[in-house]
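*Asks:* The structure under discussion is supplied below as structure tokens; questions concerning it will follow.
Number of protein chains: 2
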Amino acid sequence: MSIEVIFGKVLRNIREDKKLSQEQLAHLSELDRTYISLLERGKRRPTINTLIALCKPLGLKPSEFLGEIEKELY
Amino acid sequence: MSIEVIFGKVLRNIREDKKLSQEQLAHLSELDRTYISLLERGKRRPTINTLIALCKPLGLKPSEFLGEIEKELY
């Protein structure tokens, strides 16, 4: 599984855990909703800037988000 | 300080701690040396794929690298 696909899976899981829609997350992170959909489907490679922007409304630290990805990677 | 500049500072510090040149890190991470120089000068926004590629030869987890950035951010 590619890094982008893992990232998308983790992003969707955390977003759904927080009971946020893509629309709400887009608004809170000041990103475009379609971009969030593309990220969740593993179609884009997010920068660390995007990761940091997403983590604020998701209420976790970027290092914690990466920790979730590492569980799937290593 | 922008996220890219913080990233570059942290990257340079860790690379120098490991006594690696930009050339050696480029070879080991399969990235271009000029790109590493641009990253270290805060001129590029790395993707998480690039972060993960850099962390292998630097001998730390991406979440640990992000933890270093968080120290400067928050």
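Chain order of the listed sequences is A and B.
What the first sequence shows, in the UniProt record's numbering, is residues 1 to 74, in sequence order.
What the second sequence shows, in the UniProt record's numbering, is residues 1 to 74, in sequence order.
For each residue, glycine too, the CB sits at the ideal point set by N, CA and C.
#1: Under 8 Å Cβ-Cβ, which residues of chain A neighbour B/THR34?
#2: If contact means a Cβ-Cβ distance below 7 Å, which residues of the stretch 46-74 of chain B contact chain A?
#3: Can you list, in chain order, the residues of its chain whose CB lies under 7 Å from that of B/PHE68, leaving out five sequence neighbours each side?
#4: Closest to B/GLU16 by CA distance: which of B/TYR74, B/GLU70, B/GLY59 is it?
#5: Measure how close the beta-carbons of A/ILE14 and A/GLU72 come, nearest whole angstrom, since I'm counting them as under 8 Å.
#6: List, in order along the chain, the chain A residues whose C-beta lies closer than 7 Å to that of B/ILE3?
#7: Given a cut-off of 9 Å on the beta-carbon distance, is the pair B/ILE52 and A/ILE3 in contact?
#8: Would you decide whether B/THR50 is buried or exposed? Buried here means 16 or more other CB atoms lie within 10 Å of its CB.
#9: Looking only at its chain, what residues have a beta carbon closer than 7 Å to the beta carbon of B/ILE36, apart from the 5 residues adjacent to it on each side?
#10: On a CA-only basis, which of B/LEU54, B/SER63, B/LYS61 is nearest B/GLU40? Give me that one, please.
#11: Just reading off the alpha helix (DSSP H) that A/SER2 is part of, what are its end residues?
#12: Rounded to whole angstroms, what's the CA-CA distance from B/LYS56 to B/SER29? Just pull it up for me.
*Replies:* Walking through what the data contain:
#1: Under the 8 Å cutoff, chain A gives no residues; its nearest Cβ is about 19 Å from B/THR34.
#2: PRO46, THR47, ILE48, ASN49, LEU51, ILE52, LYS61, PRO62, SER63, LEU66, GLY67, GLU70
#3: At residue 68 of chain B the sequence reads Glu, which differs from the Phe that was named. Excluding positions up to five away in sequence, the list reads VAL10.
#4: B/GLY59
#5: Wrong, their Cβ atoms sit about 13 Å apart, outside the cutoff.
#6: ILE48, ASN49, ILE52
#7: yes
#8: Looking at its Cβ environment, which holds 16 or more other Cβ atoms inside 10 Å, B/THR50 is buried.
#9: GLN22, LEU25, ALA26
#10: B/LEU54
#11: Element bounds for A/SER2: n/a, residue is neither H nor E.
#12: 7 Å
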